[in-house]
Amino acid sequence: MTTLLLTSCIDNDDDNVFIETPPTAEAFASLKENALNNHKQEFQFNAEDGSATFTSNKGVQLTINGNCLTLDGNSVIGNVDIEFIELFEKGNMLTTNKPTMGVKPNGDKALLISGGEFFIKATQNGEELETNCTFQLIIPSSLTGGTDASMTLWEGTIDENDNLAWDEVEGNGNGGDVFAEGNQYYAFLNQFGWSNVDRFYNDPRPKTTILVAVPEGYDNENSSVYLSYDGEDTGLANMDTYNAGTGLFSEHYGQIPIGLECHLIFITEEDGQWRYAIKAVTIAANDVINFALNETISGSEATLVAAINGLP
């Protein structure tokens, strides 16, 4: 009887009324963590062998020089474990909570169009290593719609709310550079962690701020809201600000083009699955978009990823 009272659907001639207990923050976080773990690839090599090259599932080549690896400032000898994650499609960016929001010089955030997001970590016996020289990624540009010479290199930082933001790297010839040649991007990195090959989304139209209302009981700890721009397959924005007083998610930087055709996505967790709603929107000035729980459906990670990747 308690279960029926907490989670049920009452069907009548007028409407479907949902009575549901929202998930915990831990359950939602676990769902995103599991999605990220599904993308982890692992390699191993002996640091004393010098340079080693690995090819990822998507055909990205990662080259690391073992002679440059250090632990507490000391050179490393013996076997090294490499953890590698690559994200190219917005569906996978969404389930792993790795949107493409770049930090502008004034501190605002705006949408980036990505040539690929990457996480690289080197460890030995579980201890994280550093590098004192650059390592290289060779990335097929065909994975993100072809070569774009305006792409630059970005480094990702995750804040206390688990939001990822990207800062552009100022290349100086000693790492932190990327260039396009033929059908590939060549990226030279000088530190482990999150990296991205990106450029800012360009749209000359006037910009606005939008607000998003989600069902009662849902907030930025047990749900998220994302924005998919129609026509862009490798960029994903998120509403990274939440006002507990109003219950509204916000893009408070005023960077959304008025007249933009897009899709807003509300996601949360339910019994180890994803619960989500996708809503087509044409952005109006100071827009407020509402999600109701009876607009949502439940599905697996694969189902949600396919739905997001299938958006126009």
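Under numbering that gives the first Met the number 0, the letters of the sequence shown match residues 0 to 311, in that order. Glycine included, C-beta positions come from ideal geometry on N, C-alpha and C.
- A Cβ-Cβ separation of about 6 Å places residue 22 in contact with residue 267 under the 8 Å criterion.
- Taking C-beta separations shorter than 7 Å and ignoring five residues to either side along the sequence, the partners of residue 247 in its chain run 210, 211, 212, following chain order.
- Boundaries of the alpha helix (DSSP H) harbouring residue 93: 89-94, taken from the DSSP string.
- Note: residue 163 is bridge-paired with 157 in the DSSP secondary-structure output.
- By the beta-carbon neighbour count (other beta carbons within 10 angstroms, threshold 16), residue 164 is buried.
- When DSSP states are grouped into helix, strand and coil, residue 233 belongs to the coil group.
- Note: residue 140 is not bridge-paired with any residue in the DSSP secondary-structure output.
- Residue 76 is positioned such that its CB atom lies closer than 7 Å to that of residue 47.
- Beyond the five residues adjoining it in sequence on each side, residue 218 comes within less than 8 Å, by CB distance, of 241, 243, 246 in the same chain, given in chain order.
- Boundaries around residue 179 are those of the beta strand (DSSP E), 176-180, since no alpha helix (DSSP H) includes it.
- Under the DSSP assignment, residue 29 falls in the alpha helix (DSSP H) whose first and last residues are 24-36.
- Residue pairing by DSSP puts residue 212 in a beta bridge opposite 247, 289.
- Bounds of the beta strand (DSSP E) holding residue 54 are 50-54.
- Here the alpha carbon of residue 235 sits roughly 14 Å from the alpha carbon of residue 277.
- Annotated three-state conformation of residue 307 is helix, per DSSP.
- Segment contact: the stretch 132-144 against the stretch 95-103, fewer than three CB-CB distances shorter than 8 Å; contact not assigned.
- Residues 146 of the same chain have their beta carbon placed closer than 8 Å to that of residue 181, with the five preceding and five following residues left out of the count.
- Contact check for residue 285 against residue 233 fails: the beta carbons are separated by 7 Å or more.
- Comparing alpha-carbon positions, the option among 202, 168, 223, 216 lying closest to residue 196 turns out to be 168.
- Under the three-state reduction of DSSP output, residue 19 falls in the coil class, being neither helix nor strand.
- Counting only the Cα atoms, residue 141 lies some 30 Å from residue 30.
- With distances taken between CA atoms, residue 43 lies nearest to 52 out of 184, 52, 37, 280.
- For residue 273 and residue 192, the gap between their C-alpha atoms comes out near 27 Å.
- In this structure, the beta-carbon distance from residue 86 to residue 116 falls below 7 Å.
- Judged by beta-carbon spacing, residue 239 lies within the 7 Å limit of residue 162, meaning their Cβ atoms are closer than that value.
- Between residue 257 and residue 204, the C-beta spacing is below 7 Å.
- DSSP, reduced to helix, strand and coil, places residue 67 within a helical segment of the structure shown.
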